[in-house]
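Heads up: take any position in the sequence shown, counting from 1, add 145, and you land on this note's numbering.
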Amino acid sequence: MTAASISKVLQEALAFSQMTSWELGRRADVKVRLIEAALQDASRVPVEVVLRIADALGLDLVLVPAEPKRRVGAVLSVVDVAIRDLAPHSLVYVPTTRWVLALDLEVALIGDTANLVARPGLHRFLTCCRALVTRLIVFSVVEEAQFREVASLLASKGCVPPWFSGVEYVHRLEQTEDLAVVLRADPRFTLLVTCKPRPASMEGLAQWIAICRHDAPLDPSDRVLDRVLEEIARRTTA
């Protein structure tokens with residue numbers, strides 16, 4: 146792919162996600178000016194930045210070595226080897242799923258935001274979920290600033306992947322709200338994992354996965370997330 150085609154893919158993915166450049170920057174940990182540059186011309190920014198932006202958008206960009214241009218005969222010389230090693234890499238876009246996954250934080254993934262007791266297997270669960278969907282959203286009853294602090298503490302303890310502190314966030318999902326609008330997602334391709342009762346507004350958002358509460362007394366042998374992950378994989382790959 147050319148730099149122009151990569152930029153076009155990034156633009157389309159950003160439009161589909163309905164994130165702003167600022168939100169994308171938070172999620173990818175990349176400055177907004179670099180995101181804007183990559184959207185215009187991917188060749189203007191380091192490859193590492195393009196990969197981080199793509200990863201935040203749920204895209205798979207694979208580095209493939211370009212074919213070397215031989216300079217001396219049919220047999221590779223020292224110069225040929227050097228040219229091969231220094232040859233620019235091409236970026237190959239692999240289409241991914243368009244599923245959106247919204248996860249309830251309190252008493253579903255952790256005990257609560259006060260004790261920060263993560264459910265067993267949470268790190269693996271989040272890592273696998275991110276690979277299965279285009280957008281991963283966490284919703285919580287606390288304000289975003291407090292959620293970011295909680296997420297950073299969980300990451301420092303190794304309970305969640307480092308990227309979790311910048312994950313897309315929604316403050317509170319009410320039963321009366323139109324969740325498809327709140328999540329800015331196609332209800333046909335949206336999964337909601339929560340221990341709360343099925344929202345009355347979810348008639349158009351049929352992809353609901355119930356999870357039992359993770360509260361006292363906490364069970365260290367809890368394997369609920371394994372079951373939920375299997376269900377998410379089954380629905381998103383069917």
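Built from N, CA and C at the ideal position, the CB exists for glycine as well. Since the model is a prediction, treat every value here as computed from it, not as a measurement.
Answer with buried or exposed for residue i, where buried requires no fewer than 16 other C-beta atoms within 10 angstroms of its C-beta.
i      : result
CYS274 : buried
ILE377 : buried
ARG216 : Residue placement at ARG216 is flagged as unreliable, the pLDDT there being 44, under the threshold of 50; the coordinate-derived value follows with that caveat. Answer is exposed; the Cβ neighbour count stays below 16.
GLY203 : buried
HIS359 : buried
ARG379 : exposed
PRO365 : exposed
GLN156 : exposed
ARG333 : exposed
VAL373 : buried
GLU289 : exposed
ALA149 : exposed
GLY349 : Unreliable placement is indicated for GLY349, whose pLDDT of 48 sits below 50; the coordinate value is still reported in the next sentence. So GLY349 ends up on the exposed side.
VAL190 : buried
ALA383 : exposed
ALA199 : buried
VAL239 : Legend: pLDDT at VAL239 = 39, less than 50; position of this residue unreliable, value from coordinates given subsequently. VAL239 comes out exposed.
ALA227 : Its pLDDT being 49, under 50, ALA227 is placed unreliably in this model, and the value from its coordinates should be taken loosely. Classification for ALA227: exposed.
LEU261 : exposed
Would you please state the rounded distance, in angstroms, between the beta carbons of residue i and residue j? I believe it to be under 8 Å.
i      : j      : result
THR272 : PRO306 : 6 Å
ARG197 : GLY311 : In fact, because the Cβ distance is near 11 Å, the residues do not count as touching under 8 Å.
LEU281 : THR381 : Contact flag wrong, Cβ pair sits at about 12 Å.
SER152 : ALA173 : Between ALA173 and SER152 the Cβ distance is about 15 Å, and since that is not below 8 Å, they are no contact.
VAL338 : ILE354 : 5 Å
If you measure between the beta carbons of residue i and residue j, is that distance less than 8 Å?
i      : j      : result
LEU179 : LEU169 : no
PHE292 : LEU299 : no
LEU248 : ARG264 : no
GLY256 : LEU363 : yes
GLU251 : SER285 : yes
VAL194 : VAL175 : yes
If you compare alpha carbons, which of the options is closest to residue i?
i      : options                           : result
GLU375 : ASP360, LEU363, ILE356 and SER366 : ILE356
VAL283 : GLU294, ARG317 and SER162         : ARG317
PHE161 : ILE151, ARG243 and SER150         : ARG243
TYR314 : GLY303, LYS341, THR147 and VAL295 : VAL295
HIS268 : LEU246, ASP371, ASP200 and ASN260 : ASP371
VAL154 : ALA187, LYS176 and CYS340         : ALA187
ALA330 : SER166, THR279 and VAL195         : THR279
TRP167 : SER301, ALA201 and PRO191         : ALA201
MET164 : LEU336, GLN185, LEU328 and LEU246 : LEU328
LEU246 : VAL175, CYS340, LEU336 and LYS176 : LEU336
VAL287 : PHE270, GLY303, CYS304 and THR258 : THR258
PHE270 : THR147, GLU181 and CYS304         : CYS304
With a floor of 3 residues, list each beta strand (DSSP E) that falls wholly inside the segment 240-266, ordered by position along the chain.
245-249
Could I get the ranges of all uninterrupted beta strand (DSSP E) runs contained in the segment 165-211, with 3 residues as the minimum, in chain order?
205-210
Threshold first: 3 residues or longer. Then list the beta strand (DSSP E) segments lying entirely within the segment 275-318, N to C.
Counting only runs of 3 or more residues that sit fully inside the segment 275-318, the beta strand (DSSP E) segments are 280-285 and 313-316, in chain order.
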